[in-house]
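*Asks:* Dumping the structure here so I can ask a few things about it.
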Amino acid sequence: MFYQLLKYVLLGPLLRLLFRPRIEGLEHVPEQGAAIVAGNHLSFSDHFLMPVVLKRRITFLAKQEYFAGPGLKGRLTAAFFRSAGQIPVDRSGKEAGRAAIREGLGVLARGELLGIYPEGTRSHDGRLYKGKVGVAVMALTAGVPVIPCAMVGTFEIQPPGKVVPKVKRVTIRFGAPLDFSRFAGMEQEKTVVRAVTDEIMYEILALSGQDYVDDYAAKVKAAETEQAGHGGKFPWRRR
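Written as structure tokens, this is what we have:
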């Protein structure tokens, strides 16, 4: 109920007016049945702009921090995400990853659309990073197609750290569904889920035109933060 109110009355019309999203390939999103929409993640705005342009409801796996913030702002943010049907995900540790997969499979078992950002976090520099294999495990376990999606321009309107987005037109592209039925029953095979994940990321890359980094975003960001803390160099290394 609240989801529909947000999409069609409170938030959706405003977002369409301000950002005038160009929508490409919307016909690739199935009108019914379970499917995964896997996209790049450039901005906090992505959480709202993609659902606005879809005809169907989509449920995202959202990071736990959105549901556990302090004070009034934290409670309001948590209430908003819960009311919009988003699922909190603890991103720390292997068990957390398995819990996220279970939650995602529950959405798919109900025949719904599941939204996921395979990179696991927002890109801090606008590049596309290596995908985590959870998306492949869910696709193979549930036997559902994966629709690649590219958000284009959202990094420019609201990069990490920017609270109020810049009013500028964005583009949202959906690619043809990816069918991985040839790998049915192989969701426990590491080489298979890695290959499937890489194929998904390649399709997102083709749609977005981003530069690609063959490493995890969180790892690269942590390394850059550590290096910055040492004045741009590591003192224990020989020059």
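Residues 0 to 238 in numbering that gives the first Met the number 0 are what the sequence shown lists, from first letter to last.
Using N, Cα and C, we set each Cβ at its ideal position, and we do this for glycine too.
Taking just the CA atoms, how far does Gln-31 sit from Phe-179?
*Replies:* Answer to the nearest angstrom: the Cα atoms are 19 angstroms apart.
*Asks:* Quick check for students: name the residue ranges of the alpha helix (DSSP H) that lie wholly in the stretch 100 to 129, counting only runs of 4 or more.
*Replies:* Counting whole runs of 4 or more residues, the stretch 100 to 129 contains no alpha helix (DSSP H) stretch at all.
*Asks:* Assign Arg-56 to one of three DSSP states: helix, strand, or coil.
*Replies:* DSSP places Arg-56 in coil when its eight states are reduced to three.
*Asks:* Can you tell which of Glu-26, Gly-133, Arg-168 has its C-alpha closest to the C-alpha of Val-16?
*Replies:* Sequence inspection shows Leu at residue 16; the Val mentioned does not correspond to that position. Ranking Glu-26, Gly-133, Arg-168 by Cα distance to Leu-16 puts Arg-168 first.
*Asks:* Cutting at 8 angstroms between CB atoms, please list the residues of its own chain near Thr-58, excluding the five before and the five after it.
*Replies:* Correct list, in chain order: Gly-84, Gln-85, Ile-86, Val-106, Glu-111, Leu-112, Leu-113, Gly-114.
*Asks:* For Met-185, report the span of its beta strand (DSSP E) as first-last.
*Replies:* No beta strand (DSSP E) holds Met-185; DSSP gives it neither H nor E.
*Asks:* Since Leu-25 contacts Phe-173 with CB under 8 angstroms, what's their CB separation in whole angstroms?
*Replies:* 6 angstroms between Cβ atoms; contact.
*Asks:* Assuming the contact rule is C-beta atoms closer than 8 angstroms, Ile-203 and Pro-147 should be a hit. Round their C-beta distance to whole Å, please.
*Replies:* About 5 angstroms; that satisfies the 8 angstroms criterion.
*Asks:* Where Tyr-201 and Gly-38 are concerned, what is the direct C-alpha to C-alpha distance, given to the nearest angstrom?
*Replies:* Rounded to the nearest angstrom, the two C-alpha atoms are 11 angstroms apart.
*Asks:* Exposed or buried, which one is Arg-321 when buried takes at least 16 other CB atoms within 10 Å?
*Replies:* The requested residue 321 does not occur in the structure, where the chain is confined to residues 0 to 238.
*Asks:* What would DSSP say about Arg-237, mapped onto helix, strand or coil?
*Replies:* Confidence is the limiting factor: at Arg-237 the pLDDT is only 39, short of 50, which leaves the residue's position unreliable and the question unanswerable from this model.
*Asks:* May I ask you to verify whether the stretch 123 to 133 touches the stretch 209 to 220, counting CB pairs closer than 8 angstroms and requiring at least 3?
*Replies:* Yes, they touch.
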